[in-house]
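Written below as structure tokens is the structure these notes are about.
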Amino acid sequence: METHLIGPADGLRVELLAYGATVHRLLVPTPSGPRNVVLGHRTREEYVAGTAFLGATVGRFANRIADGRFDLDGTTYALAVNENGSTLHGGPAGFDTRDWTLAALGPDSATFTLVSPDGDQGFPGTVRASVTYTVEGTVEGTVEGGAVAVELTATTDAPTPVSLTQHSYFQLDGEGAGSVDDHTLSVHADAYTPTDARLLPTGELAAVDGTPFDLRAATRLGDAVRTGHPQLLAARGIDHNLVLRGSGMREVATLRTRDLALTLSTDAPGLQVYTGNFLDGTVVGPSGRGYRQGDGVALEPQAFPDTPNRPAFGDATLRPGETYRRRVRWAFDAG
1373 METHLIGPAD
1383 GLRVELLAYG
1393 ATVHRLLVPT
1403 PSGPRNVVLG
1413 HRTREEYVAG
1423 TAFLGATVGR
1433 FANRIADGRF
1443 DLDGTTYALA
1453 VNENGSTLHG
1463 GPAGFDTRDW
1473 TLAALGPDSA
1483 TFTLVSPDGD
1493 QGFPGTVRAS
1503 VTYTVEGTVE
1513 GTVEGGAVAV
1523 ELTATTDAPT
1533 PVSLTQHSYF
1543 QLDGEGAGSV
1553 DDHTLSVHAD
1563 AYTPTDARLL
1573 PTGELAAVDG
1583 TPFDLRAATR
1593 LGDAVRTGHP
1603 QLLAARGIDH
1613 NLVLRGSGMR
1623 EVATLRTRDL
1633 ALTLSTDAPG
1643 LQVYTGNFLD
1653 GTVVGPSGRG
1663 YRQGDGVALE
1673 PQAFPDTPNR
1683 PAFGDATLRP
1693 GETYRRRVRW
1703 AFDAG
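Using this note's numbering, you'd call the opening residue of the sequence shown number 1373 and step up by one each time.
Structure follows, in structure tokens:
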């Protein structure tokens, strides 16, 4: 499997795969040596066969579009569906399933590009997408000050919904270390978007008060997912969009374990928190462990789910002459 490694030899490093513009490994320096803090497959063949979006760049539209349909400028578009009659993460052949082109590679950065033709998965317009990964500020031999910046861009020749995201699952104790139950997570969000039995948003913006989605103070993930709240039943845990405070590039979440912390910054309006609820032991990682429910947590900056069908959620339409841009930054520090 051909991969591309960026970052200093004794510092924060990212190993990338052109298939899905995927983060295969994210190596954080620790006193006991490099620690891979993301879940992944062992081979390219397993990435191709996989359905969990491990480390992938997701598009053309992240999360769910209800019933695989939306109206845009007076036309109804029917999309390829891949989850309970709806379109998840761009459809069965979304951007995560494509061989991206390595357009640029340097010591600390890599850029991948992809052309998605008009009609791809039912979406209108030819979209030209790119994702750039950059290792920033790392000091060799230490995690302090190290960060990975992710910039996702797209242009189109016809109006189309676009929402790209990065779908890495984090396990700060190390890939294959087991459950993230003892990780704590805080998110700057006062509201969330409740979902129905098909995990589609109901259209409501609900206050997080008194729910497992109240992560305004650092909360142990194992406690949050075992509250018995009705919203957790269909999802088997947390798989929900949190409505982030503020706008522009800002710190929105912190994930922490015994000796390592990850602070996530983004310019996105929403953050999907997904606690790996459908991992069932059949996906085996590089460590040899079969990933089980809760073995990683994905933090996915995004437009709100089903925005193309819910004008109250905003406008996720990209039009000719515009450039879509989404920024994500993972900053690491010793816990």
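All C-beta atoms in this analysis are idealised placements derived from N, C-alpha and C, irrespective of residue type, glycine included. Here the structure is a predicted model, which is why all the values come from computation and not from measurement.
Judged by beta-carbon spacing, Thr1647 lies within the 8 Å limit of Leu1593, meaning their Cβ atoms are closer than that value. In the DSSP secondary-structure assignment, Arg1698 is bridged to Leu1524. Under DSSP, Tyr1663 takes part in no beta bridge, so it has no partner. The straight-line gap separating the alpha-carbon atoms of Ala1606 and Val1534 is approximately 27 Å. In its chain, beyond the 5 residues on either side, Ser1535 and Ala1688 have a beta carbon closer than 6 Å to the beta carbon of Ala1675. In this structure, the straight-line span from the alpha carbon of Phe1442 to that of Ser1558 is close to 33 Å. Here the C-alpha atom of Leu1587 lies approximately 7 Å from the C-alpha atom of His1560. Scanning Ala1450, Phe1467, Phe1495 and Ala1549 for the CA closest to the CA of Thr1537 turns up Phe1467.
In summary, Asn1456 is exposed, with fewer than 16 beta-carbon neighbours lying within 10 Å of its beta-carbon over all protein chains present. Leu1388 sits away from Tyr1541, with the two beta carbons spaced by 8 Å or more. For the options Thr1635, Gly1497 and Pro1677, the alpha carbon positioned closest to that of Gly1693 is the one of Gly1497.
Membership of Ala1625 in the beta strand (DSSP E) is indicated by the continuous run Arg1622 to Arg1628. As DSSP reads the structure, Val1503 sits in a beta bridge with Phe1484 and Leu1524. Across the structure, Ala1424 and Val1669 are spaced so that their CA atoms are roughly 12 Å apart. The C-alpha of Pro1464 is placed about 19 Å away from the C-alpha of Gly1412. For Thr1459, the CB contacts under 6 Å within the same chain, skipping 5 residues up- and downstream, are Ile1437, Gly1440, Leu1451 and Val1453 in chain order. Every beta strand (DSSP E) stretch that sits fully inside the segment 1376-1427 and reaches 3 residues is listed by chain position as 1376-1378, 1385-1389 and 1394-1400. Thr1532 is the residue among Thr1532, Pro1573, Tyr1663 and Thr1565 whose C-alpha sits nearest the C-alpha of Phe1495. Collapsing the DSSP output to three states places Phe1467 in a helix. Distances from the CA of Val1700 to each of Ala1596, His1539, Pro1658 and Glu1418 were compared; the closest alpha carbon is that of His1539. Close CB contacts of Gly1575 within its chain, under the 6 Å cut and outside five residues either way in sequence, are with Arg1682 (chain order). For the set Ala1393, Gly1446 and Gly1509, the Cα lying nearest the Cα of Gly1379 is the one of Gly1509. In the DSSP assignment, Gly1653 falls within the unbroken beta strand (DSSP E) covering Asp1652 to Val1656. When beta bridges are read from the DSSP output, His1612 appears opposite Val1645. Contact between Leu1671 and Gly1642 is absent: CB atoms are separated by about 11 Å, not below the 8 Å threshold. Under the three-state reduction of DSSP output, Thr1599 falls in the coil class, being neither helix nor strand. Using a 10 angstroms sphere on the CB of Gly1600, the tally of other CB atoms stays under 16, which defines it as exposed.
Residue pairing from DSSP places Phe1433 in a beta bridge opposite Ser1535. DSSP places Phe1704 in the strand class (E or B) of the three-state scheme. Residue state for Asp1492 is assigned as helix, using DSSP reduced to three classes. Listed as beta-bridge partners of Gly1518 by DSSP are Phe1704. Ala1519 and Leu1444 have their C-alpha atoms some 38 Å from each other. Shown here, Phe1585 sits in coil according to DSSP, grouped into three states, outside any helix or strand.
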